[in-house]
Every structure is written in structure tokens, then in C-alpha cells.
Amino acid sequence: MRKGLKILLVGLVGLIAACAATVEGTNVKTDQTAAAKTPPSGQFLDIDGTKVHYQIEGAGPDLVLIHGAGGSLRDFTFSLSDKLKSRYRVIMFDRPGHGYTDRIASRANLGETPQEQAALLSKAADKLGVKRAVIVGHSYGGAVSLAWVLNHPQQARGLVMLAGVSNEWQGDLGTYYRVSNSWFGRNILLPTASALASRQRVEDAINGIFAPNPAPAGYLDHMGQELSSNKTILQSTTQQVNGLKPQIVAMQKRYAGISIPVEILHGDLDTTVPLDVHGRVLAKQVKGANLTVLKGVGHMPQHIDEPATIAAINRAAKRAGLR
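Mapping to the numbering used here: the sequence shown position 198 is 199, numbers consecutive.
Right, dumping it as C-alpha cells:
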């Protein structure tokens with residue numbers, strides 16, 4: 002019996018290893034395809050051994066844009082940056098483990114916290130000569146933006162939160178995140194999901210993020226199917242989101258000390274980062290914060306109501322004395 006069990010276990014381990022090797026080979030090809038079809042659009046900086054991908058457009062007061070979970074700086078270059086570059090020097094970063102920015106080596110198996118990401122991007126911004134900027138964060142990028150403002154205030158003169166994560170939520174993140182953050186999830190499930198991701202599945206995921214609004218035509222092609230379903234992005238997103246809640250709990254105790262102009266833009270139909278849990282609460286925590294609620298808008302205000310997004314950025318810059 003023991004001998005039979007041993008043979009079974011050896012066979013099972015061998016099968017898993019073979020499947021993992023096959024999936025890894027497929028992922029390597031997918032990464033190569035992503036680089037060929039959706040190459041880096043910007044330039045790179047080396048920050049303490051971490052390669053940071055950034056893109057700069059336009060001239061004027063500095064405006065730093067930080068994307069959300071599972072995305073890249075291409076979310077902003079789809080349309081928004083083109084409408085901002087005549088008034089601002091628009092600086093966009095890929096967050097660690099997203100787009101073409103590396104993971105932070107010491108945190109690659111744990112998930113970089115918003116504070117660690119903000120520290121990395123702040124150093125990159127310093128190398129780019131950023132002194133007085135409006136920091137804009139979407140979704141998870143809102144948490145990174147808050148960490149930036151709290152921990153590196155010398156660079157921040159204004160803050161704009163676009164459906165940004167800011168406060169503690171009730172409950173956990175659900176089965177997907179629990180399983181994905183296990184050994185099996187990191188080493189088998191997510192690499193397999195990346196290797197087998199079809200265009201339809203990626204489109205379905207994007208439509209879910211935009212719901213109840215439609216994703217704009219051409220959005221997936223601009224973001225890049227292979228880049229959007231990259232194994233590293235899936236793994237880093239899962240780890241970062243799984244570790245977010247305790248970081249938010251710690252940060253929200255400090256929001257009352259934020260003294261720069263804050264503009265909050267949030268859709269009333271956002272079910273990913275609910276308005277009543279985040280935007281409305283943050284508006285009460287930060288003195289002078291201005292909340293704009295977008296009726297009928299979900300989680301992607303920077304696309305669904307671009308004029309309101311630009312107006313919020315302009316208000317923050319004017320209140321900060323940058324315009």
C-alpha cells in the first residue's frame with residue numbers, strides 16, 4: 002500500500018512538473034509575443050536595481066499618472082494623456098510587476114505594498130526632476146498615490162483620486178484571490194490562465210471592469226492582449242491586492258494630516274471600488290477635499306467621463322497654484 006502510494010505521489014509530482022514546464026514554455030512565447038506586438042512605449046530608469054518603465058508627454062506643470070491593478074501606463078495613453086499634454090508635463094509610470102516595470106526583487110514573492118511602490122516611483126520621479134506635481138491615481142493606483150502624498154510630500158502639491166482605493170472594506174476578496182495567492186495558484190493556476198487566455202476571455206475581463214459602461218472601441222488592442230494577460234502581471238496583481246487591506250487600515254489613520262488640495266472623482270455605479278466605502282469616506286477624512294460623483298458611471302471614469310476627469314485635474318492644479 003505504501004509502495005503504491007509512493008508511486009502515485011511520484012507520478013503526480015511528475016505530471017505537475019510536466020504540466021508546469023509546458024505552461025512555462027507557453028508563457029515564454031506569450032511574453033515574447035507581447036513584447037513584439039505591444040513594445041515599451043517609453044523609456045527606462047534603473048532605481049536601486051529595479052527597471053522602471055515611464056513615458057513623458059507634453060510640457061508644463063508636472064502631472065504624475067498611476068494606473069490601477071492589472072493595467073499599465075497604456076491605460077492613460079489610450080486617450081487621456083493626449084488631451085492633457087498641451088497643459089502639463091504628463092509623466093506616466095508602469096507600477097512594479099505591471100507593463101514593463103520589474104518586480105521589486107526583495108518583495109517579488111510577497112507583493113509590493115503601496116508604500117514600497119510609492120517609494121520606488123518617487124525616486125524615479127526625482128530622477129526626472131519632479132519637484133511640485135499633481136499626483137493622479139486610478140483604483141489601486143489611488144492607494145499608491147495616497148502613500149506617495151503621505152510619505153513623500155515634498156513632491157506632491159495636489160492629489161486626484163479616480164475611483165481610488167482609500168479605506169478599509171468589509172469581508173475578504175473572495176475565492177479567486179485566496180486560491181490565486183496559494184502555492185498552487187501562483188505556480189499552476191495563474192501561469193495556466195495566462196497561457197490559455199483567449200481574446201474573448203480578456204475582452205470579457207475588460208468589460209467586467211468597465212461595467213455597466215461599455216469599454217471604448219479599440220481599448221484591448223491598445224492595451225495589448227498578451228501584455229494584459231501576462232503571467233507576471235497576474236501574479237503581481239494578486240499578491241499586491243491580497244496584501245492591500247492592512248496597508249489601507251494603517252494609512253487611513255493619517256489622512257487627516259493631508260493638507261494639499263484633493264479632488265475625488267468616483268462613479269456611483271462602481272462595484273469594484275464602491276463609492277460609499279471609499280470616495281465618500283475619504284472626502285470626510287481630508288479637510289477641503291472635493292468629491293465629484295459621476296452618475297451612471299462605473300469603475301473607469303478616466304474613459305467614461307473624460308471631461309470630468311480633466312476638469313478634476315485642472316481644479317487640483319489651480320488649487321495647488323500650479324496653473
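Where a beta carbon is used, it is the ideal one built from N, C-alpha and C, also for glycine.
Which residue wins for smallest C-alpha separation from residue i, given the options the options?
i    : options                   : result
K132 : H153, S82, S146 and L46   : H153
I92  : K288, G258 and S73        : S73
V53  : D277, L122 and A216       : L122
F79  : A157, H223 and G142       : H223
G299 : H279, L270, T310 and E307 : L270
I57  : R202, K128 and G43        : G43
G219 : I210, E204, S82 and G297  : E204
L245 : L163, E169, R88 and D127  : E169
A157 : S260, V250 and R281       : S260
G297 : Q155, P215, K38 and G258  : P215
Quick one: what's got a C-beta closer than 6 Å to residue i's C-beta in the same chain, skipping five residues either side?
i    : result
R3   : The predicted model places R3 with a pLDDT of 40, which falls under 50 and marks its position as unreliable; any figure quoted below should be read in that light. There are no such residues.
A148 : P115, Q116 and A119
V242 : A70
L151 : R255
D76  : H68
G322 : none
H304 : P217
T31  : In this predicted model, T31 has a pLDDT of only 44, less than 50, meaning its place in the structure is not dependable; the value taken from the coordinates is given anyway. Taken in chain order, the residues that qualify are E227.
P262 : G159, A317, R320 and A321
L81  : Q303
N291 : E264
E307 : none
A212 : G299
Using C-beta distances below 7 Å, list every residue in its chain close to residue i, excluding the 5 sequence neighbours before and after it, in chain order.
i    : result
A318 : P62, V135, G159 and R324
R200 : Q226
P41  : H54 and Y101
Q33  : Confidence is the limiting factor: at Q33 the pLDDT is only 49, short of 50, which leaves the residue's position unreliable and the question unanswerable from this model.
So, using beta-carbon positions, are residue i and residue j closer together than 8 Å?
i    : j    : result
Q286 : Q248 : no
V99  : I234 : Going by the sequence as given, residue 99 is His instead of Val. Yes, Cβ-Cβ distance for H99 and I234 is below 8 Å.
H279 : G142 : no
I311 : K84  : yes
I314 : L64  : yes
L221 : I207 : yes
R90  : A109 : no
G289 : L276 : no
L283 : S140 : no
Once you ignore the five residues that flank residue i on each side, which residues in its own chain have a CB closer than 8 Å to its CB?
i    : result
G50  : A106
A309 : L266, T293, L295 and P302
V145 : I67, R96, P115, Q118, A119, L122 and G138
R104 : T51, P97, G98, E113, T233 and S237
A125 : L46, I48, V53, Y55 and F94
T102 : T51, K52, V53, H54, F94, D95 and R96
List the residues that DSSP assigns as beta-bridge partners of residue i.
i    : result
N291 : E264
Q56  : M93
D47  : K52
G138 : I67 and M162
A321 : None, per the DSSP bridge assignment.
A157 : A134
Is residue i near the ligand SAM, in the sense that its beta carbon is under 7 Å from a heavy atom of that ligand?
i    : result
A309 : The ligand SAM is absent from the structure shown, which contains no ligands of any kind.
>> Restricting to runs no shorter than 4 residues, where is the alpha helix (DSSP H) found entirely within the stretch 223-287?
In response: 226-229, 232-243, 245-253 and 280-286
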